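From first to last, the protein sequence lines stand for chains Y and Z. Following full-length UniProt numbering, the numbering of the first sequence begins with 1 at its first residue and continues without gaps. Following full-length UniProt numbering, the numbering of the second sequence begins with 1 at its first residue and continues without gaps. The beta-carbon is built from N, C-alpha and C at its ideal position, and this holds for glycine as well. Please read all numbers here as calculations on a predicted model, not as lab measurements.
Protein chains: 2
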Amino acid sequence: MKRPTIADIARRAGVSKGAVSYALNGQPGVSEATRQRIVAIAQEIGFNPNSAARALSGASARAVGLTLCRPARILSIEPFFMGLISGFEQELAARSYALTLQVVATPQTETDVYRRWWGERRVDGVFVTDLRENDIRIPVLNELQLPAVVIGGPGDTGQLPQLWSDDAGAITEAVGYLMALGHRRIARVGGLPDLLHTQTRTRAFTEVCASLGLSEAVTVPSDYTGEEGGRATRRLLINAERPTAIIYDNDVMAVAGLSVAQEMGLSVPGDLSIVAWDDSPLCSLVHPPLTALTRDIAAYGAHAARQLLAAIAGEPVKDVEEGTAHLTPRGSTAPPRDS
Amino acid sequence: MKRPTIADIARRAGVSKGAVSYALNGQPGVSEATRQRIVAIAQEIGFNPNSAARALSGASARAVGLTLCRPARILSIEPFFMGLISGFEQELAARSYALTLQVVATPQTETDVYRRWWGERRVDGVFVTDLRENDIRIPVLNELQLPAVVIGGPGDTGQLPQLWSDDAGAITEAVGYLMALGHRRIARVGGLPDLLHTQTRTRAFTEVCASLGLSEAVTVPSDYTGEEGGRATRRLLINAERPTAIIYDNDVMAVAGLSVAQEMGLSVPGDLSIVAWDDSPLCSLVHPPLTALTRDIAAYGAHAARQLLAAIAGEPVKDVEEGTAHLTPRGSTAPPRDS
DNA sequence: TGAATTTACTGAACCGGATAAGTGACGCGA
DNA sequence: TCGCGTCACTTATCCGGTTCAGTAAATTCA
Numbered sequence: 001m002k003r004p005t006i007a008d009i010a011r012r013a014g015v016s017k018g019a020v021s022y023a024l025n026g027q028p029g030v031s032e033a034t035r036q037r038i039v040a041i042a043q044e045i046g047f048n049p050n051s052a053a054r055a056l057s058g059a060s061a062r063a064v065g066l067t068l069c070r071p072a073r074i075l076s077i078e079p080f081f082m083g084l085i086s087g088f089e090q091e092l093a094a095r096s097y098a099l100t101l102q103v104v105a106t107p108q109t110e111t112d113v114y115r116r117w118w119g120e121r122r123v124d125g126v127f128v129t130d131l132r133e134n135d136i137r138i139p140v141l142n143e144l145q146l147p148a149v150v151i152g153g154p155g156d157t158g159q160l161p162q163l164w165s166d167d168a169g170a171i172t173e174a175v176g177y178l179m180a181l182g183h184r185r186i187a188r189v190g191g192l193p194d195l196l197h198t199q200t201r202t203r204a205f206t207e208v209c210a211s212l213g214l215s216e217a218v219t220v221p222s223d224y225t226g227e228e229g230g231r232a233t234r235r236l237l238i239n240a241e242r243p244t245a246i247i248y249d250n251d252v253m254a255v256a257g258l259s260v261a262q263e264m265g266l267s268v269p270g271d272l273s274i275v276a277w278d279d280s281p282l283c284s285l286v287h288p289p290l291t292a293l294t295r296d297i298a299a300y301g302a303h304a305a306r307q308l309l310a311a312i313a314g315e316p317v318k319d320v321e322e323g324t325a326h327l328t329p330r331g332s333t334a335p336p337r338d339s
Numbered sequence: 001m002k003r004p005t006i007a008d009i010a011r012r013a014g015v016s017k018g019a020v021s022y023a024l025n026g027q028p029g030v031s032e033a034t035r036q037r038i039v040a041i042a043q044e045i046g047f048n049p050n051s052a053a054r055a056l057s058g059a060s061a062r063a064v065g066l067t068l069c070r071p072a073r074i075l076s077i078e079p080f081f082m083g084l085i086s087g088f089e090q091e092l093a094a095r096s097y098a099l100t101l102q103v104v105a106t107p108q109t110e111t112d113v114y115r116r117w118w119g120e121r122r123v124d125g126v127f128v129t130d131l132r133e134n135d136i137r138i139p140v141l142n143e144l145q146l147p148a149v150v151i152g153g154p155g156d157t158g159q160l161p162q163l164w165s166d167d168a169g170a171i172t173e174a175v176g177y178l179m180a181l182g183h184r185r186i187a188r189v190g191g192l193p194d195l196l197h198t199q200t201r202t203r204a205f206t207e208v209c210a211s212l213g214l215s216e217a218v219t220v221p222s223d224y225t226g227e228e229g230g231r232a233t234r235r236l237l238i239n240a241e242r243p244t245a246i247i248y249d250n251d252v253m254a255v256a257g258l259s260v261a262q263e264m265g266l267s268v269p270g271d272l273s274i275v276a277w278d279d280s281p282l283c284s285l286v287h288p289p290l291t292a293l294t295r296d297i298a299a300y301g302a303h304a305a306r307q308l309l310a311a312i313a314g315e316p317v318k319d320v321e322e323g324t325a326h327l328t329p330r331g332s333t334a335p336p337r338d339s
C-alpha cells in the first residue's frame, strides 16, 4: 500500500503542492472553498504528513524525548515513572506529539543520548528527571539549546525551566501529623542521596524536626529498591531506642519496610507507624494499607509536558512549584503504644 | 550551535557528499584511506545523521513503536510493561533504534495510532501486546504491511510473527506443586478475559485440574487491578468450601489477595496458599513473600525486539515459544492445615 | 600495447513536505 | 480607463541525507 502524499492530493484537487500545504496548515493563501475541498480529499484518502519530510523542511519533529536512568529492576516496580509518562501522554497525544523513550545506565550516557537526538533532529525537546547537584546534563542541554523541562529540583538549571513539588511543605505535614499522634522518635528512609530532591527533603526533614524539638530525627540514605529499604528499616529497628515512626521516600521501600517490621514481630501501626511518600495503588494493596503523601503524578507529568511544549514553541516558561502533596491517612499510622 | 551535516564533512575532506555517505555507511565506492579520513572527521565534529533526512530518502526511520492500552492507574503499578520495555531497550539501544511510546485508551485508538505512524513514516515497525480474539489490530497491520511482532499469543496473526511463553507448561507446574503439597481445592484469579493469553491460561488450568482429578477448579475473571483482585479473592474466600490455594494472573492481584486474606483473619500459608504469575520485586517485598511463576520478562522483551528488527530487515521470522516460566517457591505456599 | 574492466570518485536527482518569490485575474478608487 | 493593491494561487528552492548514472584514472588481461 502506497502512502498518500500532498502530491497525490494536489493532483486530485487540481492544484499545486504548495496550495495543499497552505490549506492543510491553515495558512492564508487559499480560498475557503479550495481549503475545504483539499481537507476533504486528505480525509478521504487518509493522509498523514510524512514526519520526516516535515522535520526536514525546518518544521518540528513533533516528538519529545525522555531518558530513564535507573536499573531495570527498579524501573519495573517503581510506579512513579509510569505515572509520569501517562501524564506526559495526556498532553502529547492531544497534539500528536510522539514520546521517544530511552533507558540508559548512567547520566553520562544520558548526555550522549541528548547529543545524538539533537544531531539526528529526532526530538524537539526533552524531559529531564532526577536532577543532581552540578548535573552534567544541564550544561550539555544549554550548549545544544535543546528545549527541556527539568523535573525534580529546584536546582541550578541555567536557562532551563523547571518544575518541582513542595517537598518541604509535604514533610512538614507528615511530621506534624506524626507528632500530633504522639510520636517523638521519627526516622526517614531517604531516596538516592545524590538526587537534588532527596537533598531538599533531607534538609527539610531535619529542619522541621529540629524546630519541633525532635532531636533524633535521623535520615538513612537508600536507593529506592525494596531490598535497600528493607535493610535500612532493619538497621533502624535493631536500635534500642528504635523509632516509633518511619517516613519512606517511595512506596516500594515503605512496603518493604512494613514487611520487615512484621517479620521482626512488630505490629504496624501498634509498634511502628509507616508513612509512604508518593501514594500508589501499592499502598492500598498491603495490609495494613499505608498512610501516604499523595500527589497526582499524572497531573504533574501533564504540567511538565505543557511546559515543554511551550518552551519548544519559544514561549517564555517560568519555573513552577506544583502543589504540596497531602497526607492520606490509612491504617499504617496510629499513636505509639507506649506513649 | 549548528548541526554538522555531511556537506560540512565533505567540504573538510575535500570530497563530495556522495563519497561521505558511502564512507559512513560502509558502502563500497571509496578507498579505505578516504573512508578512514572521513570517519575521523565525522567523529571529530560530532556528526550524527539527521534522522529525518535519512528517513525521507527511503532508508528506515530507525524507530519502532509501542502502544500501551491500559488505564494509567494499572500501568503505573504493573511491573510487566516496564520490564518488557527494559528488554526492548537492550536490543534497540545497541543498534541506535529509538522506541516511540503511546498510551491509548482503546484497541480502536491503537489502530488509529498505527495508521498515523505508518502514514507519518515515523516507525519502521511496532510491538503488539495483549492480543485478543479476532484482534482488530491484526488486519490493519497486515493491510499497511507494517512490520510487527505480536506478544501474547498464540493466536491468528496472519503473516505477523509472534512470540509467546508456554503458559500451559507453567500452570501445570504450579498446579502439580500445589497438589503435591496436598491442596485439592485450587482456584485462579485470571486476567482480562478477552486477552488471548488469559484464555490460553484458563483452558490449560481447567484441563490440568481435570486431568489431575480436581473437579472444582474455578477461574474468576478479573482485570489485573489490585481492587478487582482483592474483590475476587473475597468472593472466593466467603464460600463454605473455600479454596486452600489461589493462583493469580499477575503479581499485583496476588499482593491484593494476600492482603484480603490477612484482613479476613486467614493465615497465609496456613489457611491459604498463594501463587503469583510473573515474579517481580513486589513478590519478595510482602510478608510472607509470594511463591511465583518466574520468567525473565526483560529477556522476553529483548527476544521480541530481535524478532522485530529482523522482520524490519526483511529477514524471515518464525513464531517462537519462549521458555516456560518456572516456579519459585517462597513463604506463601505450604500444605493446607486441614489436609 | 591496447582494449576491457575495475576503482574511486563526482554530479545530480530524489524523497515529501514548507515556504519565499513570482504571476495573473480581479476589484476598486481616482 | 488606468494604476494599484489584494487574492488565489503556481513555481521553484530548500532541508540533508541516499543512490544512480556518469567519468576519469588505474589496473588487469590478452
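Residue from Y:280, Y:189, Y:295, Y:312 whose Cα sits closest to the Cα of residue 324 (chain Y):
The shortest C-alpha separation from residue 324 (chain Y) is found at Y:295.
Using 8 Å for Cβ pairs, my map puts residue 233 (chain Z) next to residue 189 (chain Z). What's the rounded Cβ distance?
Yes, residue 233 (chain Z) and residue 189 (chain Z) are in contact; Cβ-Cβ is about 7 Å, under 8 Å.
Does any CB atom of chain Y fall closer than 7 Å to the CB of residue 298 (chain Z)?
Residue 298 (chain Z) belongs to the set of residues whose beta carbon lies under 7 Å from a beta carbon in chain Y.
Consult DSSP for residue 303 (chain Z) and reduce its assignment to one of helix, strand or coil.
In the three-state reduction of the DSSP assignment, residue 303 (chain Z) falls in the helix class.
Contacting residues, own chain, Cβ-Cβ under 8 Å from residue 16 (chain Z) (five flanking each side not counted)
By the criterion of a C-beta distance shorter than 8 Å, residue 16 (chain Z) is surrounded in its chain by 10, once the five residues flanking it on both sides are discounted.
Neighbourhood of residue 271 (chain Z) by C-beta, 7 Å cutoff - its chain only, sequence neighbours within 5 removed
337, listed in sequence order.
How would you list, in chain order, the residues of chain Y whose beta-carbon sits under 7 Å from the beta-carbon of residue 154 (chain Z)?
Residues of chain Y whose Cβ lies closer than 7 Å to the Cβ of residue 154 (chain Z) do not exist; the shortest such Cβ separation is about 25 Å.
Any idea if residue 19 (chain Z) is buried or exposed, counting beta-carbon neighbours within 10 angstroms, 16 or more meaning buried?
Classification for residue 19 (chain Z): buried.
Can you pull the chain Z residues whose beta carbon is under 7 Å from the beta carbon of residue 287 (chain Y), in chain order?
Residues of chain Z passing the Cβ test: 259, 262, 263.
Would residue 125 (chain Z) pass as an interface residue toward chain Y - the criterion being a Cβ-Cβ separation below 7 Å?
Not one beta carbon of chain Y lies nearer than 7 Å to the beta carbon of residue 125 (chain Z).
Residue range of the beta strand (DSSP E) that residue 248 (chain Z) falls in?
That run of the beta strand (DSSP E) goes 245-248.
Going by other Cβ atoms of all chains shown within 10 Å of its Cβ, with 16 needed for buried, is residue 83 (chain Y) buried or exposed?
Buried.
Going straight from the alpha carbon of residue 170 (chain Z) to that of residue 91 (chain Z), what length do you get?
If I take the Cα positions, the gap works out to 26 Å.
Given that residue 47 (chain Z) touches chain Y, what residues does it touch there, using C-beta distances under 9 Å?
Contacts between residue 47 (chain Z) and chain Y, judged by CB atoms closer than 9 Å, involve 119 in chain order.
How is the beta strand (DSSP E) around residue 77 (chain Z) delimited, first residue to last?
From DSSP, residue 77 (chain Z) is part of no beta strand (DSSP E); its letter is neither H nor E.
Going by beta carbon distance, what residues of the same chain come within less than 7 Å of residue 130 (chain Y), once the five residues before and after it are set aside?
These residues qualify, in order along the chain: 69, 152, 195.
Sorted by chain position, which residues of the same chain lie with C-beta nearer than 8 Å to residue 78 (chain Z)'s C-beta, five sequence neighbours on each side aside?
Cβ contact annotation for residue 78 (chain Z) (same chain, cutoff 8 Å, sequence separation greater than five): 70, 224, 250, 252, in chain order.
Contact criterion: CB-CB distance below 7 Å. Does residue 253 (chain Z) meet it with respect to chain Y?
Output row for residue 253 (chain Z): interface = no.
Can the beta-carbon of residue 160 (chain Z) be found closer than 7 Å to that of residue 118 (chain Z)?
Contact: no.
Rounded to a whole number of angstroms, what is the C-alpha to C-alpha distance between residue 339 (chain Y) and residue 330 (chain Y)?
Residue confidence for residue 339 (chain Y) is low, a pLDDT of 47 falling below 50, so the modelled location carries little weight; the figure read from the coordinates is stated next. Rounded to the nearest whole angstrom, the CA to CA distance from residue 339 (chain Y) to residue 330 (chain Y) is 20 Å.
State yes or no: is the beta carbon of residue 293 (chain Z) nearer than 7 Å to at least one beta carbon in chain Y?
No - not a single Cβ of chain Y is within 7 Å of the one on residue 293 (chain Z).
Comparing C-alpha positions only, which one of Z:121, Z:95, Z:136, Z:162 sits nearest to residue 345 (chain Z)?
What is shown of chain Z runs 1 to 339, which leaves residue 345 (chain Z) out entirely.
Can you list, in chain order, the residues of the region 193-209 of chain Z whose Cβ is nearer than 7 Å to any Cβ on chain Y?
Residues are counted here when their Cβ sits less than 7 Å from a Cβ of chain Y; for the region 193-209 of chain Z the count is zero.
Based on Cα-Cα distance, which residue from Y:101, Y:54, Y:96, Y:97 lies nearest to residue 81 (chain Y)?
The shortest CA-to-CA distance from residue 81 (chain Y) to any of Y:101, Y:54, Y:96, Y:97 is the one to Y:101.
Could you tell me which uninterrupted alpha helix (DSSP H) segments, each at least 4 residues in length, are contained entirely in the region 74-143 of chain Z, listed from first to last along the chain?
Runs of the alpha helix (DSSP H) spanning 4 or more residues and lying entirely within the region 74-143 of chain Z occur at 79-94, 107-120, in chain order.
Can you tell me whether DSSP reads residue 43 (chain Z) as helix, strand or coil?
DSSP places residue 43 (chain Z) in helix when its eight states are reduced to three.
Return helix, strand or coil for residue 355 (chain Z), following the three-state DSSP convention.
Since the first residue shown for chain Z is 1 and the last is 339, residue 355 (chain Z) is missing from the structure and cannot be characterised.
Is it true that the CB of residue 258 (chain Z) sits closer than 7 Å to the CB of residue 277 (chain Z)?
Cβ distance not < 7 Å, so residue 277 (chain Z) and residue 258 (chain Z) don't count as in contact.
Taking all protein chains shown into account, decide if residue 124 (chain Y) is buried (16 or more other Cβ within 10 angstroms of its Cβ) or exposed.
Looking at its Cβ environment, which holds 16 or more other Cβ atoms inside 10 Å, residue 124 (chain Y) is buried.
Mind pulling the chain Z residues with CB within less than 9 Å of residue 226 (chain Y)?
Within chain Z, the residues near residue 226 (chain Y) are 281, 282, 284, 285.
Measuring only the C-alpha atoms, how far is residue 184 (chain Y) from residue 246 (chain Y)?
Approximately 11 Å between the Cα atoms of the pair.
Quick check on residue 79 (chain Z) - is its C-beta less than 7 Å from some C-beta in chain Y?
Look at residue 79 (chain Z): its C-beta is under 7 Å from a C-beta on chain Y.
In chain order, which beta strand (DSSP E) runs of at least 3 residues are fully inside the UniProt region "Disordered" (320-339) of chain Y?
Within the UniProt region "Disordered" (320-339) of chain Y, the complete beta strand (DSSP E) runs of at least 3 residues are 320-322, 326-328.
Determine the direct distance from the alpha carbon of residue 209 (chain Z) to that of residue 309 (chain Y), and round the result to whole angstroms.
Taking the straight line from one Cα to the other gives about 55 Å.
Pick helix, strand or coil for residue 36 (chain Y), following the three-state DSSP scheme.
Here DSSP, grouped into helix, strand and coil, assigns residue 36 (chain Y) to helix.
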